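Chemist: What follows is a structure written as C-alpha cells; I'll ask about it next.
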C-alpha cells in the first residue's frame, strides 16, 4: 500500500507544472500529479520502487538537477496553485 499513500492521505498530493521559458507564451510543458494511479505506476517501474520515503514528505527541499550535462536555471518562480488548479 506504500505507493498509494496519496489515495489515503490526499492532502499530500503535489501538482507540478513546467512552463515554457518564454513568459509571453506561458505554454505548459509538463504536468505531474502525485495523487494518481499513473504516478504510482511510474514509481513501480522506476529505480525508486521500494524506497519507503520517496515522494511522501509533506514538506521537503526542491531540487533541480540534470545528469551528465551542464545545466542553468533562471527565473524560477514557485507559487501555490489556486484551488481550481490555475496558476494565474
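Residue numbers (our numbering): 1330 to 1417. By construction, the Cβ of each residue, glycine as well, lies at the ideal position given by its N, Cα and C atoms. Given the structure is predicted, the values throughout are model-derived calculations rather than measurements.
(1) Since residue 1367 is in the alpha helix (DSSP H), which residue starts that stretch and which ends it?
(2) Leaving out five residues on either side along the sequence, give the residues of the same chain with a beta carbon under 7 Å from the beta carbon of residue 1403.
(3) For residue 1393 and residue 1406, what's the separation of their Cα atoms in angstroms?
(4) Pull up the distance between the alpha-carbon of residue 1362 and that of residue 1368, whole angstroms please.
Modeler: Inspection of the coordinates gives the following:
(1) That run of the alpha helix (DSSP H) goes 1366–1373.
(2) Result list for residue 1403: empty, nothing under 7 Å.
(3) 13 Å
(4) 7 Å
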